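As they're listed, the protein sequences go chains A and B.
Under numbering that gives the first Met the number 0, think of the first position of the first sequence as 0, with each following residue one higher.
Under numbering that gives the first Met the number 0, think of the first position of the second sequence as 0, with each following residue one higher.
The block underneath contains the structure these notes are about, expressed in structure tokens.
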Amino acid sequence: MKSSTAHKVLGLLFGAGFGFVLAAANLHEYDTIHKMLRLEEIDVFLLMGGAIGTSLPLLWWLERRRANTALGGPLRLSQSKPRREHVVGGALFGIGWAVSGTCPAPALVMLVSGAGLAVVTVIGLFIGLNLRDAQVRRNDGSATAADGEHREVIASR
Amino acid sequence: MLSTTFAAVLPDRLPWYFAGPALGLLVVGFFMVANQPLGATGAYVETYKTVTRKPEAVTWRMFYFLGIPIGGLVGVLLKEDGIVRRSGYDALRNEMSLGTTALVVLVGAVVMGYGARMAGGCTSGHGICGTAQRSPASWVATCTFMGAAVVTTLVIRVISGGAI
């Protein structure tokens with residue numbers, strides 16, 4: 000599926016903005032995540048709360064106003080019902096997150112910040128994602144509904 | 000320690016009350032331009048598909064994927080410490096050999112990747128973009144991985160006798 004140049008440029012810019020904030024808030028450091036998960040520091044929980052507390056009401060208001068997006072038509076939020084995969088996958092993700100002390104986006108920032116072992120983390124992530132994809136293909140099933148991931152309908156525009 | 004910095008204009012750590020809303024505004028901003036959430040797991044998946052030339056690959060996600068380390072590098076270079084050559088896992092390295100640490104990190108990352116793909120998202124996809132859309136599935140996934148991560152960290156702490 001080919002993406003427009005606008006999507007590519009905007010993807011790069013928003014990715015850079017995201018990476019910049021992760022680096023600025025030190026979220027790419029094992030110690031930051033570890034202190035949060037040891038419940039010794041509340042900052043990262045507050046950061047996530049601040050992100051949700053800003054975006055949730057704004058998106059809700061924009062949805063009610065039937066806002067139009069610049070490139071993707073009318074704003075459309077997706078709300079899936081919880082399934083077993085969300086719980087089992089979420090639990091596995093949480094276990095791996097605790098062990099490796101970073102999650103997919105901060106791992107990329109960790110890598111460029113000079114952390115040598117982040118290479119292992121990023122490679123491991125690709126392996127894990129592909130293992131699941133291969134399993135889904137074998138079972139001829141479909142991937143789990145993902146409200147935070149790319150949506151096909153709009154991409155085909 | 001080898002360290003490279005450009006200009007120390009950023010604080011050591013941007014406080015949560017700036018960083019949190021900034022992330023939230025990025026999420027809203029991307030919805031308002033592209034009507035798409037900003038999940039990192041999908042970016043990995045589509046990057047892999049783009050590189051391996053799968054016809055169904057959503058190529059703009061690879062640009063998003065590349066943007067994260069580029070922006071991260073800018074952020075790191077604007078801090079006093081800058082780029083610091085290190086393992087990134089010093090807390091583990093103090094307790095284990097390099098080989099064991101690498102193996103532990105690899106297994107953790109594989110489990111994390113598998114779980115993220117199974118759940119359909121990670122900390123950014125479900126944790127911020129999904130919860131912000133008021134998706135019940137995302138709230139369930141987020142609460143589950145938060146709980147699992149806190150419990151796992153506690154288990155590691157007990158096993159390691161408080162060292163990790």
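Beta carbons are placed, not taken as given, at the ideal position from N, Cα and C, and that holds for glycine.
Predicted model, so just to flag it, every value in this text is computed and none were measured.
If I follow the unbroken alpha helix (DSSP H) through residue i, where does it start and stop?
| i | result |
| --- | --- |
| Arg83/A | Arg83 to Ser99 |
| Leu61/A | Asp42 to Arg63 |
| His33/A | Tyr29 to Leu36 |
| Ala106/A | Pro103 to Val111 |
DSSP three-state label for residue i, please.
| i | result |
| --- | --- |
| Ala162/B | coil |
| Leu13/B | coil |
| Gly72/A | strand |
| Asn129/A | helix |
| Ala5/A | helix |
| Ala117/A | helix |
| Thr51/B | coil |
| Thr58/B | coil |
| Thr40/B | helix |
| Val3/B | According to the sequence provided, residue 3/B is Thr. The question's Val does not apply to it. Strand, per DSSP. |
| Ala154/A | Summary for Ala154/A: the model assigns pLDDT 38, below 50, so the residue's position carries little reliability; its value from the coordinates is reported in the next sentence. Looking at Ala154/A - three-state DSSP - the assignment turns out to be helix. |
Of all the options the options, which has the alpha carbon lying nearest to the alpha carbon of residue i?
| i | options | result |
| --- | --- | --- |
| Ser99/A | Leu36/A, Phe44/A and Leu9/A | Leu36/A |
| Arg84/B | Pro105/A, Ala114/A and Ala97/A | Ala114/A |
| Leu105/B | Val108/A, Ser112/A and Ala97/A | Ala97/A |
| Leu77/B | Leu11/A, Asp30/A and Ala24/A | Ala24/A |
| Val33/B | Val108/A, Glu84/A, Arg131/A and Leu76/A | The sequence given here has Ala at residue 33/B, not Val. Out of Val108/A, Glu84/A, Arg131/A and Leu76/A, Leu76/A has the C-alpha closest to the C-alpha of Ala33/B. |
| Gly126/B | Leu22/B, Thr3/B, Pro10/B and Tyr63/B | Leu22/B |
| Phe62/B | Ala145/A, Gly18/A, Ala133/A and Thr143/A | Gly18/A |
| Ala39/B | Leu102/B, Met145/B and Gly129/B | Gly129/B |
| Val87/A | Ile67/B, Glu45/B and Arg116/B | Arg116/B |
| Glu62/A | Ala148/B, Met31/B, Arg12/B and Ser159/B | Met31/B |
| Gly87/B | His27/A, Gly16/A and Val20/A | His27/A |
| Cys102/A | Glu84/A, His85/A, Pro73/A and Leu21/A | Leu21/A |
| Asp80/B | Ser112/A, Gly147/A, Ala69/A and Ala66/A | Ser112/A |
| Lys80/A | Lys7/A, Ala69/A and Asp146/A | Asp146/A |
| Glu221/B | Gly161/B, Ile67/B and Leu9/B | Nothing about residue 221/B can be reported from this structure: the residues present for chain B run from 0 to 163 only. |
| Met145/B | Phe92/A, Val135/A, Leu46/A and Ala117/A | Phe92/A |
| Val8/A | Leu153/B, Trp59/B, Phe17/B and Val8/B | Trp59/B |
| Val44/B | Leu65/B, Val73/B, Asp89/B and Ala131/B | Leu65/B |
| Gly25/B | Ala131/B, Thr141/B, Ala118/B and Val8/B | Note that residue 25/B corresponds to Leu in the displayed sequence, not to Gly. That would be Ala131/B, whose Cα lies nearest to the Cα of Leu25/B. |
Counting only beta-carbon atoms, is residue i nearer than 8 Å to chain D?
| i | result |
| --- | --- |
| Asp132/A | Absent from the structure: chain D. Protein chains present are A and B. |
Alpha carbon to alpha carbon, what distance is there between residue j and residue i?
| i | j | result |
| --- | --- | --- |
| Ala56/B | Gly123/A | 21 Å |
| Gly120/B | Met111/B | 11 Å |
| Leu97/B | Ile163/B | 15 Å |
| Trp60/A | Ile94/A | 35 Å |
| Arg64/A | Pro56/A | 12 Å |
| Leu82/A | Ala90/A | According to the sequence shown, residue 82/A is Arg rather than Leu. Approximately 13 Å, taken between the alpha carbons. |
| Thr120/A | Pro20/B | 28 Å |
| Arg150/A | Gln35/B | 7 Å |
| Val152/A | Tyr29/A | In this prediction, Val152/A scores a pLDDT of 43, lower than 50, which makes its location untrustworthy; the coordinate-derived value is nonetheless stated afterwards. About 37 Å. |
| Arg156/A | Gly10/A | Residue placement at Arg156/A cannot be trusted, given a pLDDT of 30 that sits under 50; the coordinates are not used to answer. |
| Glu39/A | Ala108/B | 23 Å |
| Gly114/B | Leu128/A | 8 Å |
| Arg133/B | Gly16/A | 23 Å |
| Val108/A | Pro73/A | 33 Å |
| Asp11/B | Thr31/A | 12 Å |
| Thr143/A | Tyr47/B | 18 Å |
| Ala154/A | Ala50/A | A caution first: Ala154/A carries a pLDDT of 38, below 50, which makes its placement in the model too unreliable to give a value. |
| Ala5/A | Leu58/A | 22 Å |
| Glu148/A | Ser159/B | 36 Å |
| Phe29/B | Leu37/B | 7 Å |
| His33/A | Ser3/A | 39 Å |
| Thr152/B | Leu110/A | 22 Å |
| Thr100/B | Val154/B | 17 Å |
| Ala136/B | Thr3/B | 42 Å |
| Gly52/A | Phe44/A | 12 Å |
| Gly14/A | Ile69/B | 8 Å |
| Leu102/B | Ala140/B | 27 Å |
| Phe125/A | Thr143/B | 22 Å |
| Leu72/B | Ile82/B | 8 Å |
Check your understanding: What alpha helix (DSSP H) runs, 4 residues minimum, are completely inside the segment 62-150 of chain B?
Key -> 89-92 and 97-118
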